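Asks: So the protein sequences, as listed, match chains A and B.
With numbering that gives the first Met the number 0 applied, the first sequence closes on residue 232, and no number is skipped along the way.
With numbering that gives the first Met the number 0 applied, the second sequence closes on residue 232, and no number is skipped along the way.
We put the beta carbon where it would ideally sit given N, CA and C, even for glycine.
No experiment lies behind these values; they were computed from the predicted model shown.
2 protein chains.
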Amino acid sequence: MTGRLYGISLGPGDPELMTLKAARLIAGASVVAYPALPEGESFARAIAADLVAPDTREIRMDIPMTTERAPAQAAYDRNAARIAAELDAGRDVAVLCEGDAFFYGSFMYLFARLSGTYAVEIVPGVTSVTACAASALLPLAARNERVTVLPGPLPEDELKARIEGAETVVLMKVGRHIGKIRRVFQALGLAEHAVYVERASLPEQRILPLEKAPDPAPYFSMILLVKGADPWL
Amino acid sequence: MTGRLYGISLGPGDPELMTLKAARLIAGASVVAYPALPEGESFARAIAADLVAPDTREIRMDIPMTTERAPAQAAYDRNAARIAAELDAGRDVAVLCEGDAFFYGSFMYLFARLSGTYAVEIVPGVTSVTACAASALLPLAARNERVTVLPGPLPEDELKARIEGAETVVLMKVGRHIGKIRRVFQALGLAEHAVYVERASLPEQRILPLEKAPDPAPYFSMILLVKGADPWL
Numbered sequence: 000m001t002g003r004l005y006g007i008s009l010g011p012g013d014p015e016l017m018t019l020k021a022a023r024l025i026a027g028a029s030v031v032a033y034p035a036l037p038e039g040e041s042f043a044r045a046i047a048a049d050l051v052a053p054d055t056r057e058i059r060m061d062i063p064m065t066t067e068r069a070p071a072q073a074a075y076d077r078n079a080a081r082i083a084a085e086l087d088a089g090r091d092v093a094v095l096c097e098g099d100a101f102f103y104g105s106f107m108y109l110f111a112r113l114s115g116t117y118a119v120e121i122v123p124g125v126t127s128v129t130a131c132a133a134s135a136l137l138p139l140a141a142r143n144e145r146v147t148v149l150p151g152p153l154p155e156d157e158l159k160a161r162i163e164g165a166e167t168v169v170l171m172k173v174g175r176h177i178g179k180i181r182r183v184f185q186a187l188g189l190a191e192h193a194v195y196v197e198r199a200s201l202p203e204q205r206i207l208p209l210e211k212a213p214d215p216a217p218y219f220s221m222i223l224l225v226k227g228a229d230p231w232l
Numbered sequence: 000m001t002g003r004l005y006g007i008s009l010g011p012g013d014p015e016l017m018t019l020k021a022a023r024l025i026a027g028a029s030v031v032a033y034p035a036l037p038e039g040e041s042f043a044r045a046i047a048a049d050l051v052a053p054d055t056r057e058i059r060m061d062i063p064m065t066t067e068r069a070p071a072q073a074a075y076d077r078n079a080a081r082i083a084a085e086l087d088a089g090r091d092v093a094v095l096c097e098g099d100a101f102f103y104g105s106f107m108y109l110f111a112r113l114s115g116t117y118a119v120e121i122v123p124g125v126t127s128v129t130a131c132a133a134s135a136l137l138p139l140a141a142r143n144e145r146v147t148v149l150p151g152p153l154p155e156d157e158l159k160a161r162i163e164g165a166e167t168v169v170l171m172k173v174g175r176h177i178g179k180i181r182r183v184f185q186a187l188g189l190a191e192h193a194v195y196v197e198r199a200s201l202p203e204q205r206i207l208p209l210e211k212a213p214d215p216a217p218y219f220s221m222i223l224l225v226k227g228a229d230p231w232l
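1. Beta carbon of residue 10/B, beta carbon of residue 124/B: below 8 Å?
2. Within the 8 Å Cβ cut-off, does residue 101/A reach chain B?
3. According to DSSP, which residues form a beta bridge with residue 4/B?
4. Where does residue 189/B sit, in a helix, a strand or coil, going by DSSP?
5. Short check: CB of residue 207/B to CB of residue 131/B, under 8 Å?
6. Using only alpha-carbon positions, find the residue among 115/A, 79/A, 192/A and 119/A that is nearest to residue 59/A.
7. Starting from residue 129/A, trace the alpha helix (DSSP H) both ways and give me its first and last residue.
8. Drop a sphere of 10 angstroms on the beta-carbon of residue 67/A, count the other beta-carbons inside from all chains shown, and report buried for 16 or more, exposed for fewer.
9. Taking only beta-carbon positions, decide if residue 121/A is within less than 8 Å of chain B.
10. Taking C-alpha atoms, which residue in 178/A, 89/A and 69/A lies nearest to residue 195/A?
11. Buried or exposed for residue 218/B, please, with buried defined as at least 16 other CB atoms from any protein chain shown within 10 angstroms of its CB.
12. Note down, in chain order, all residues in the region 140-163 of chain B with a beta-carbon under 8 Å from any beta-carbon belonging to chain A.
13. Rounded to the nearest angstrom, what separates residue 160/B and residue 57/B at their Cα positions?
14. For residue 227/B, collect the residues of the same chain with a Cβ closer than 8 Å to its Cβ; drop the 5 residues on either side in sequence, then sort them by chain order.
15. Work out the CA separation of residue 151/B and residue 225/A for me, nearest whole Å.
16. According to DSSP, is residue 154/B part of a helix, a strand, or is it coil?
17. Note down the Cα distance separating residue 233/B from residue 188/A, rounded to an integer number of angstroms.
18. Going by Cα to Cα distance, which pick from 32/A, 65/A, 221/A and 115/A is closest to residue 198/A?
19. According to DSSP, is residue 31/A helix, strand or coil?
20. Nearest CA to the CA of residue 118/B: which residue from 39/B, 149/B, 29/B and 83/B?
21. Relative to the C-alpha of residue 20/B, which candidate in 186/B, 2/B, 47/B and 39/B has its C-alpha closest?
22. Kindly identify the DSSP beta-bridge partner or partners of residue 168/B.
23. Along the alpha helix (DSSP H) that carries residue 87/B, what are the first and last residues, could you check?
24. DSSP beta-bridge partners for residue 207/B?
25. Beta-carbon of residue 232/A versus every beta-carbon of chain B: anything under 8 Å?
26. Please list the terminal residues of the continuous beta strand (DSSP E) segment that includes residue 56/A.
27. For residue 18/B, write down the residues that DSSP places opposite it in a beta bridge.
28. Say whether chain B places a C-beta atom closer than 8 Å to the C-beta of residue 126/A.
29. How is residue 140/A classed by DSSP in three states: helix, strand or coil?
30. Considering residue 113/B, what are the terminal residues of the alpha helix (DSSP H) in which it resides?
31. Roughly how many angstroms separate the alpha carbons of residue 85/A and residue 101/A, rounded to a whole number?
32. Looking at C-alpha atoms only, which residue of 24/B, 129/B, 12/B and 61/B is the closest neighbour of residue 103/A?
33. Anyone know if the C-beta pair for residue 183/A and residue 8/A falls short of 8 Å?
34. Excluding sequence positions up to five away, which residues of its chain have a Cβ less than 6 Å from the Cβ of residue 3/B?
35. Helix, strand or coil, according to DSSP, for residue 174/A in the structure here?
36. Interface residues of chain B around residue 10/A at Cβ under 9 Å?
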């Protein structure tokens, strides 16, 4: 009997925003695996820290953060093989995933390598999208409103075209792209309505008007724009 | 001292997909409030059933489901007043919300009526979007891919234009609009790539190719289309 691979979503950062299911599976796991920056912290491991039992086997996956693909591809190949060895030995493996495993999560690179061979279960989680909306007290969408999620690295012209035709807009992966994003919002006359949220749900969370957001922004930051006026008010 | 209003997101239906924070706040609540169909069930109350203590005060909010706005507006006015009376008496009120309170959730109509007067905290939750993706084992988006969320009641021409220019597409509120939605996907040559998910995370969950989905579909159903091919595979 081979083991089962779990993609366990941990939510945006506050350990209490983990689901009951995620907490149960992590506490009972034979093996946990989690991404980490080489020689750096693992945010995923930190979120789950209070739940990982002392005798749990741990696979720390060092993933280089580069814009080149080859080094990260090699890292996913290598770590998928380490996980496969545990599964082949009959042990379930719980992969700890920041946010939601299938929403801009790196778990999908392990999923692509392992799901053809092993049984997989995904535990969905709270995304940064609704965590930021909750922190900013900003309802995202109602009734027939559309929501558009855009990654910050997209080219300036494309961002402009997509935001212009959108209703609610969520900008992910803001980081060093914030200057470009702010120019786009300014050009569209929307900058004063946009809200910047950094490290939502963590003690160091910050919520600022976009005009006052830092440049560069940290990796865990997001911009929300809600155009919809609600006639039910 | 007035009480505090909590918007407690419950997730997609499986009680284990509630967050630890939601579970703690519901178990300790003096007052819980929840929407219900007149003379019908409350899905929100059912998700939280095992957590509501016997001595908790309960506010059942009957909300008529109509396309006319006036009856629902009157119901939100009336129930906001009932909640305000509890808050004025110094009791915290936990409003139970299916999915996420601020993502197409009816809690925002209470928020609009009460947040100017009372302290509010929102506990974000797992949306049906990532719950359906998890159930269907369908990674939603990676890297610079865009995600577009569209409500099913939008006009056919608008759906067509929005889906054509999109990458990952999430169709909410499918229900009786499924025939129209299917026609749009067929016209765009995308129907065979679209996945229909019904009652994600519940025991009666069903996952079908869009072509085989029922018409009408139940209220709790969604269609996912992921166009992105992943070159990291």
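Replies: In this structure, then:
1. yes
2. yes
3. 92/B and 119/B
4. coil
5. no
6. 79/A
7. 127-134
8. exposed
9. yes
10. 178/A
11. exposed
12. 140, 141, 142, 143, 144, 145, 146, 147, 148, 149, 150, 152, 153 and 161
13. 45 Å
14. 140, 141, 144, 166 and 167
15. 20 Å
16. coil
17. Summary: the structure shown does not reach residue 233/B, with chain B confined to residues 0 through 232, and so no result is reported for it.
18. 221/A
19. strand
20. 83/B
21. 47/B
22. 147/B and 224/B
23. 69-87
24. 195/B
25. Low confidence applies here, because residue 232/A scores a pLDDT of 45, under 50, leaving its location unreliable; read the following figure in that light. So yes, residue 232/A belongs to the interface.
26. 56-61
27. 18/A
28. yes
29. strand
30. 106-113
31. 22 Å
32. 129/B
33. no
34. 91 and 118
35. helix
36. 18, 123 and 125
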